[in-house]
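I have placed the structure first, in the form of structure tokens, so that the comments after it can refer back to it.
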Amino acid sequence: MPLSLSSTEASARAFFAKPYFAVVGASTNQAKFGYKIFAWYAYHDLPATPINPTAPAITVDGTAHDTLANISALLNPRETALSVITPPAVTLQVLQDAQKLGISAVWLQPGTWDDAVVKFATDKGNFQDVVAGEGGRGHDGWCVLVDGERALKANGKL
């Protein structure tokens, strides 16, 4: 199910209107996108929580950020926007859990979604704002590394 460019741009702006963020699939390996995307949040001084079930913390520029094992441990899930960097099968389970927790905004990074994931994410009532799919300014689809600053600027956060 393709998302329209204008609705995805509006969803990206709404995503960054949230007061908290979580990065599912955050990684300690600096070569992986899970690290690069979490580091992007840290570099922009956004209150982001890394979600990683195997690492106690992720260090960015000498600062350790404590991880949570899963999104059910988030303190304010209804006020948290969720950035996802996991394979599609894992992403679908994360979205199912997120929907039950009342998370309303999700950003599915390139490589995290397939048709089933996008269908679940965009089914009426599951999420208010979904950033996913083809489009954006990058060649692989909507990515916070490429499209995030534009959405931050639109919210006056940059």
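Residue numbering for the sequence shown follows the UniProt record's numbering, beginning at 1 and increasing consecutively.
Ideal placement from N, C-alpha and C gives every residue a C-beta, glycine not left out.
Check your understanding: When you compare each of Gly133, Leu95, Ser83 and Asp114 to Pro47 by their alpha carbons, which one comes out closest?
Key -> Taking only the C-alpha atoms, the option nearest Pro47 is Ser83.
Exercise for review: List in chain order: all unbroken alpha helix (DSSP H) runs of 4+ residues lying wholly within the segment 29-53.
Suggested key: Runs found: 33-43.
**Study point:** Whole-number beta carbon distance between Tyr20 and Asn29, since they are thought to touch under 8 Å
**Key:** With 8 Å as the limit, Asn29 and Tyr20 do not qualify as a contact, their Cβ atoms being about 24 Å apart.
Review point. For Glu9, does the count of other Cβ atoms within 10 angstroms reach 16, so buried, or fall short, so exposed?
Key: Classification for Glu9: buried.
Review point. Can we say the segment 49-63 touches the segment 103-123, given the rule of at least three CB pairs closer than 8 Å?
Key: The segment 49-63 is not in contact with the segment 103-123.
Review point. So what does DSSP say about residue 160, is it helix, strand or coil?
Key: As shown, the chain starts at 1 and ends at 158. That puts residue 160 outside it, with no answer to give.
Check your understanding: Hey, would you say Phe16 sits closer than 7 Å to Asn155, going by beta carbons?
Key -> Closer than 7 Å, so yes.
Practice item. Count the C-beta pairs between the segment 99-109 and the segment 128-148 that are closer than 8 Å, then say yes if the count reaches three, no if not. Key: Short answer: they touch.
Practice item. With a 10 Å radius around its C-beta and 16 neighbouring C-beta atoms as the bar for buried, classify Lys18 as buried or exposed. Key: By the 10 Å Cβ count, Lys18 comes out buried.
Check your understanding: In three-state DSSP terms, what is Ser104?
Key -> Looking at Ser104 - three-state DSSP - the assignment turns out to be coil, as it is neither helix nor strand.
**Study point:** Straight-line gap, Ala121 to Leu95 (C-alpha atoms, nearest Å)
**Key:** If you draw a straight line from the Cα of Ala121 to the Cα of Leu95, it is about 7 Å long.
Check your understanding: Given Arg137, which residues of its chain have a CB within under 7 Å of its CB, disregarding the five upstream and five downstream residues?
Key -> The answer, listed in chain order, is Val146 and Asp147.
Review point. So, is Ser7 buried or exposed, given that buried needs 16 or more other C-beta atoms within 10 angstroms?
Key: Exposed, because fewer than 16 other Cβ atoms sit within 10 Å of the Cβ of Ser7.
Check your understanding: CB-CB under 7 Å to Asp129, same chain, minus the five flanking residues each way: which ones, in chain order?
Key -> If we look at Asp129 and ignore the five residues flanking it on each side, its Cβ neighbours are Ser11, Ala14, Phe15, Ser104 and Ala105.
Check your understanding: Does the Cβ of Ser27 have 16 or more other Cβ atoms within 10 Å, making it buried, or fewer, making it exposed?
Key -> The residue in question, Ser27, is buried, as its Cβ has 16 or more Cβ neighbours within 10 Å.
Check your understanding: When DSSP labels each residue in this structure, what does Ile71 get in the three-state scheme?
Key -> The three-state secondary structure of Ile71, taken from DSSP, is helix.
Practice item. Using 10 angstroms around the beta-carbon of Lys87, count the other beta-carbons present and answer buried if the total reaches 16, otherwise exposed. Key: Per the sequence shown, the amino acid found at residue 87 is Pro instead of Lys. Exposed, by the Cβ-count rule.
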